[in-house]
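The structure appears below as structure tokens.
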Amino acid sequence: MTTRRIISFNFILRIMCVALLLTSGSALMESCTKAGNCPDDKACNTLCNLFGFKDYGGFCVYYGTIDYCCCQYR
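Just so you know, the sequence shown maps onto residues 5 to 78 in this note's numbering.
Next comes the structure, spelled out in structure tokens:
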């Protein structure tokens, strides 16, 4: 009986560890840099590469009349 409880606890613990590893790597943090006029995502990606965000690139975000270029990092 005790062996069965230890095995089931070990199984649950392994599932939790795998879930934690999968979810921790999927979230991206965003560092938004105001770039004025952001004509398209390709230009924003180039700007982010110049700022040193080479791994994850960037994208345009629009807030009313202000355009932001958001550079992503992990």
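We put the beta carbon where it would ideally sit given N, CA and C, even for glycine.
Can you name the start and end residues of the alpha helix (DSSP H) that residue i belongs to?
| i | result |
| --- | --- |
| C42 | Counting along the chain, C42 falls outside any alpha helix (DSSP H), and DSSP gives it neither H nor E. |
Rounded to the nearest angstrom, how far is the Cβ of residue i from that of residue j, given a contact under 8 Å?
| i | j | result |
| --- | --- | --- |
| C73 | G61 | Not confirmed; about 10 Å, so no contact. |
Residue i lies in the beta strand (DSSP E); which residues open and close that run?
| i | result |
| --- | --- |
| Y60 | Premise fails: Y60 is in no beta strand (DSSP E) and is neither H nor E. |
Closest Cβ-Cβ distance between residue i and chain C: below 8 Å?
| i | result |
| --- | --- |
| R9 | Given the protein chain composition of this structure (a single chain), no chain C is represented. |
Within 10 angstroms of the Cβ of residue i, are there 16 or more other Cβ atoms? Answer buried if so, exposed if not.
| i | result |
| --- | --- |
| N49 | buried |
Would residue i and residue j qualify as a contact pair, given that the criterion is a beta-carbon distance under 8 Å?
| i | j | result |
| --- | --- | --- |
| F57 | C42 | no |
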